[in-house]
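At position 409 of the sequence shown the residue is numbered 453 (the numbering used here), and the sequence of numbers has no breaks. Report on one structure; see the data block that follows.
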Amino acid sequence: VAGLGTSAELKVLEAVQANQSHFSGMLGVNEILAMDLGFFGQSMAEVPTINSVTVLYPILSGISALVLALYQNKHNVLQRTQGAVSRWITTIILVAFSSFFAAILPCGVGLYWITGNLLSIPVLKLCNVIYNPGEYAEEMALQEAPKLSKEERRAQRVVNREKRRRQRRDVKRFNSTKDKRLVFYSESSGFFKYFEGYIRYILENSDFMIHYITSDIHDRIFSMNHPRIRAYYVGPIALIRVMMLMDADIVVMTMPDLEKYHIKRSLVRKDVEYIYTDHGMTSLHLMLQENALDYFDTIFCYGPNHIREVREMERVYGLPPKTLVRTGFPLLDTMIQGAEAIGNAVNDPKVILIAPSWQQDNILEYCLDETLRPLLGAGYRIVVRPHPEFIKRFPGKMRAIEERYKDDVGELFEIQTSFASSETVYSADLVITDWSSIANEFSYATKKPSLFINTPMKVVNPNYEKIPLVPLDISLRDEIGISVDVEDLDTLPDVVRTLLGAAEQYKEHIAEVVRENIFDVGDGARGGGQYIIDTLAGRTSETHARSCDDFASRWTRILDEGRDDEMERILSEPLLLEKSIQMTKGELMMDVLEELEHAMKGETSDDP
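Encoded structure:
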C-alpha cells in the first residue's frame, strides 16, 4: 500500500472501476462502482502528468493563487499594512504552495485550490463592504515599527543577540535551581511597582529566597542587589516552556488568563499555588476578560468589592472556591507618600490635568477639541498627558495632535509626553479623564476630585452583567467627582469651577470612600506579604512532617523484615565526614539519636 503514494485509496477505487469482473461479489464493490469522479470528462482521481491536459490543474492553481495574492495585497487589511518585501514573500509562498500540491495530488485537489482561490476574492470584497477595514488599516499602519537605518539595524541585532544569550543563561540557571519556593513573574519593568511592596515585606519579615522572572531585559529588578533576590530574563516565547516546567510552591502574577492562552499551569507539579494580584483598584468582572481568573488558586483582594466579585464569579460559573486574601494595595501607599511629599502647595493658576485612557474612543480620539476649547483661555494651566500606551501604539495620531495644537502650546498649555516623574499627577488640582484608572489613583492619593467624561465605556468583558454587581468603575464616578456627557461638554467651565470650589468638602468624602473600598491603607503590603510567608512556612512544616513519617515507616519496614545481618553490614560501612575523621553510619545514627534524647529532656549534648 505504501508504494501507491499519497492517493492510495483513489488508485484502488480506479482499479476496481476499471476491472469490475475481478472484484464482482466482493463487499462494498457496488458502492465503489457507483462513485462518479468525473468532471467534464476528466477523472478527478487522476494525478496530473506533464504529457496530459491534467497539467493545467497545477498551472491554473498557481495562477489563481497569484490573482488572489495580488487582490489581497491591495484590499486585505493585514496585507496592506505590510512592507513590499513581506507582501511579495507571502505571494510567492502562496503560489508555490498551491502549484506544488496541485501537481502531486489528484486533479480534484487542484480543482479545489483553483475554486477556493477565485471564490475568496468576491468573499473578501463582500466582507470589506459589510465591515469597512479602512480605519483599521490606517490604525495598524501607525503601529508599524519605524524604518531603521543600517546602523540602527546593526545595533538592534546586537541587542537581540544579547537578549538570546542572557535568556539562555538565565533559563538554565532558573531550571538548575532546586527547591524554589517563591516565584514572581513580571511582563515588563512597569509591573515591578505592583510587586514591590510585597517583596520588601517578605524580605524584611522572613528569610525566604525570591525568584523573579521578567520578560524585560531592562527590568528594575536587576538593579536591586539583594542577596535574597534572584532575577531572570525570560522572553515571551521561552516563558511558555518555563511556565510548563514550573517547580515552585507559589507563583505570583499580575497577568490574568492563566491556562486560557499560551501560559499554562505547571505540568510537573500539580500543587503549585498561583496567586493573582491586580494592577488596579477597579472591578475585576469589568476590566478582565470573562473567566480570566478561573485557573488561579488565590486572589489578593484590595477591597470588599473584589471579594464579592470573585465569590459571584464562582457562583455564576460553578467554580470551586478560591482562597481570597484580604490585603491592601501597596502602590496606593507609595502614591499617598508621593502626594504628601509635595505638600499643600497652592497652584496659581489652578492646574487641570487631562489624562485619558488609551482604548478606542478615548478623549484624545473622541472629543479632545470639545474638551479643550471651553477651558483654554479660561485662566487655568492645562496639561494634556496621553497614556503611555497611546503614544507607543499610535505615534502618527500623537504627532497629528501635537501639530493641531502647536499654536496653543505655551505657559498655560502643555502636551506632556514624558513620564519620568509623577509630580504632574500629584500636584494637579483636578484630573479630567474618561475611563482611565488614573482618576482612582489621583483622587485616592491626593483626596482631590476628578471629572469624568462619559465617552463610550471601556469594557474588557462584554458579559460583565452576568455578575449582578455594579462595577466600581461606574458607581464611584459620581462619588469621587462629577461625570459629564459628551454632548454637555460646553458646560465644562461651570463643572470645573464647582469641583475646584468644593475641594475641601471632597477631601473628607474621598477619604471615607478610600476607607470603605480599600483594605489596610498605609499598610497595604502586610496582608499579601504575610499570607505568602505563612503559606510557605506551613508548607515547610508539612514537608518536614512528611519526611519524618516517611523515615519512620521505612525504618519500621526494615526492622520488620528481620534482616539483622544485612542491617549490621550496612551500619558498619565507614562514612567519611572530614579528611581526618571517620565514623560508621551506625555511629552517626547513634549520635543523632542521643542528641534527640537530650533534646527531649531539655538538655544539650554538651551538658555533663
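Beta carbons are placed, not taken as given, at the ideal position from N, Cα and C, and that holds for glycine.
Quick one: measure Cβ to Cβ for residue i and residue j, integer angstroms, because I've assumed they're closer than 8 angstroms.
{"i": "residue 105", "j": "residue 158", "result": "5 angstroms"}
{"i": "residue 519", "j": "residue 326", "result": "Not really, about 11 angstroms apart at Cβ, beyond 8 angstroms."}
{"i": "residue 495", "j": "residue 525", "result": "6 angstroms"}
{"i": "residue 429", "j": "residue 397", "result": "6 angstroms"}
{"i": "residue 265", "j": "residue 235", "result": "Wrong, their Cβ atoms sit about 10 angstroms apart, outside the cutoff."}
{"i": "residue 558", "j": "residue 488", "result": "5 angstroms"}
{"i": "residue 505", "j": "residue 349", "result": "With a Cβ gap of about 15 angstroms, residue 505 and residue 349 do not count as contacting."}
Determine the direct distance from the alpha carbon of residue j to that of residue i, and round the result to whole angstroms.
{"i": "residue 241", "j": "residue 304", "result": "28 angstroms"}
{"i": "residue 260", "j": "residue 514", "result": "36 angstroms"}
{"i": "residue 576", "j": "residue 376", "result": "20 angstroms"}
{"i": "residue 340", "j": "residue 220", "result": "26 angstroms"}
{"i": "residue 175", "j": "residue 120", "result": "12 angstroms"}
{"i": "residue 449", "j": "residue 251", "result": "55 angstroms"}
{"i": "residue 626", "j": "residue 291", "result": "Confidence is the limiting factor: at residue 626 the pLDDT is only 49, short of 50, which leaves the residue's position unreliable, though a coordinate-based value still follows. Approximately 37 angstroms between the Cα atoms of the pair."}
{"i": "residue 230", "j": "residue 379", "result": "20 angstroms"}
{"i": "residue 59", "j": "residue 80", "result": "14 angstroms"}
{"i": "residue 164", "j": "residue 112", "result": "7 angstroms"}
{"i": "residue 134", "j": "residue 142", "result": "12 angstroms"}
{"i": "residue 395", "j": "residue 472", "result": "5 angstroms"}
{"i": "residue 574", "j": "residue 299", "result": "21 angstroms"}
{"i": "residue 63", "j": "residue 70", "result": "13 angstroms"}
{"i": "residue 345", "j": "residue 232", "result": "22 angstroms"}
{"i": "residue 424", "j": "residue 239", "result": "37 angstroms"}
{"i": "residue 439", "j": "residue 411", "result": "18 angstroms"}
{"i": "residue 501", "j": "residue 479", "result": "7 angstroms"}
{"i": "residue 217", "j": "residue 244", "result": "24 angstroms"}
{"i": "residue 320", "j": "residue 539", "result": "39 angstroms"}
{"i": "residue 393", "j": "residue 470", "result": "16 angstroms"}
{"i": "residue 451", "j": "residue 416", "result": "13 angstroms"}
{"i": "residue 293", "j": "residue 222", "result": "12 angstroms"}
{"i": "residue 173", "j": "residue 437", "result": "27 angstroms"}
{"i": "residue 347", "j": "residue 372", "result": "7 angstroms"}
Cutting at 6 angstroms between CB atoms, please list the residues of its own chain near residue i, excluding the five before and the five after it.
{"i": "residue 56", "result": "none"}
{"i": "residue 83", "result": "none"}
{"i": "residue 311", "result": "288"}
{"i": "residue 517", "result": "326, 327, 330"}
{"i": "residue 422", "result": "537"}
{"i": "residue 275", "result": "256, 265, 266"}
Which residues does DSSP pair with residue i in a beta bridge?
{"i": "residue 458", "result": "427"}
{"i": "residue 275", "result": "256"}
{"i": "residue 297", "result": "229, 320"}
{"i": "residue 44", "result": "Because residue 44 is not part of the residues shown, which for the chain are 45 to 652, the question remains open."}
{"i": "residue 82", "result": "87"}
{"i": "residue 344", "result": "321, 369"}
{"i": "residue 292", "result": "224"}
Please list the terminal residues of the continuous alpha helix (DSSP H) segment that includes residue i.
{"i": "residue 486", "result": "482-490"}
{"i": "residue 120", "result": "No alpha helix (DSSP H) contains residue 120, which DSSP labels as neither H nor E."}
{"i": "residue 362", "result": "Looking at the DSSP string, residue 362 is not in any alpha helix (DSSP H), and its letter there is neither H nor E."}
{"i": "residue 443", "result": "439-448"}
{"i": "residue 384", "result": "374-386"}
{"i": "residue 306", "result": "Note, residue 306: premise wrong, no alpha helix (DSSP H); not H, not E."}
{"i": "residue 147", "result": "128-148"}
{"i": "residue 519", "result": "516-519"}
{"i": "residue 244", "result": "236-249"}
{"i": "residue 409", "result": "407-410"}
{"i": "residue 159", "result": "151-174"}
Under 8 angstroms Cβ to Cβ from residue i, same chain only, skipping five residues before and after it: list those, please.
{"i": "residue 546", "result": "493"}
{"i": "residue 366", "result": "337, 340, 341, 342, 343, 354, 358"}
{"i": "residue 284", "result": "306, 307, 308"}
{"i": "residue 507", "result": "334"}
{"i": "residue 207", "result": "261, 277, 279"}
{"i": "residue 477", "result": "398, 399, 400, 401, 407, 483, 494, 495, 496, 497"}
{"i": "residue 144", "result": "102"}
{"i": "residue 246", "result": "226, 252, 254, 573, 576, 577"}
With a threshold of 8 angstroms between beta carbons, is residue i in contact with chain C?
{"i": "residue 552", "result": "Chain labels in this structure do not include chain C; a single protein chain is all it has."}
Could you please give the first and the last residue of the uninterrupted beta strand (DSSP E) stretch that includes residue i?
{"i": "residue 35", "result": "Within the shown structure, residues of the chain are numbered from 45 to 652, placing residue 35 beyond reach of any answer."}
{"i": "residue 539", "result": "Per DSSP, residue 539 belongs to no beta strand (DSSP E); it is in the alpha helix (DSSP H), 536-545."}
{"i": "residue 396", "result": "395-398"}
Could you tell me if the beta carbon of residue i falls within a distance shorter than 7 angstroms of some heavy atom in the ligand MN?
{"i": "residue 68", "result": "For the ligand MN, the structure offers nothing, since it holds no ligand at all."}
Return the chain-ordered list of same chain residues with a C-beta closer than 7 angstroms to the C-beta of residue i, the five sequence neighbours on each side being excluded.
{"i": "residue 446", "result": "459"}
{"i": "residue 211", "result": "277, 278, 279, 282"}
{"i": "residue 153", "result": "145, 146"}
{"i": "residue 352", "result": "513"}
{"i": "residue 485", "result": "379"}
{"i": "residue 224", "result": "255, 291, 292"}
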